[in-house]
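The working numbering puts the first residue of the sequence shown at 57, with every later residue one more than the last. For glycine and all other residues, C-beta sits at the position ideal for the given N, C-alpha and C. On a predicted model such as this, the values are computed, not experimentally measured, just so you know. Here is the structure we will look at.
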Amino acid sequence: MKWEDICSRCSLCCHEKIIDGDYLIISDMACDYLDAESGLCTVYDKRFEKCKRCMKVNLFRACFASYLPPGCQYVLWAKKHHIRFAKDKKLILSYGKDAETDKLD
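Structure below.
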């Protein structure tokens, strides 16, 4: 299995994120190159050149990055292998300034 095959294409990593204490807040502001319908990047092969904020989810980030959502398949893989060291955050999906915030535990 290839590392990138672990990804479920949820596209949450392609959205703006804020860490506030024990909460990970994910906004509706997505990368310009995200196809929201498919959850795929439209410039995948050149994503690091096109988008300076795009970061590859590597083994280090799967183990330590607190900005990855708890349901991320890389996070779940790291937990399964007992190598996830970042503290879990409570996930808040915040869509639109007038929308209610959905808290997911």
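In this structure Cys66 is exposed. Its beta-carbon is surrounded by fewer than 16 other beta-carbon atoms within 10 angstroms. DSSP places Leu80 in the uninterrupted beta strand (DSSP E) bounded by 79-86. When the five nearest sequence neighbours on each side are left out, the beta carbons in the same chain lying within less than 7 Å of the beta carbon of Asp78 are those of Lys145, Lys146, in order along the chain. By the Cβ test, the segment 110-118 is in contact with the segment 128-135, since at least three Cβ pairs between them sit closer than 8 Å. Proximity to Cys87 across Asn114, Leu149, Cys107 peaks at Cys107, based on C-alpha coordinates.
For Asp144, DSSP records no beta bridge to any residue.
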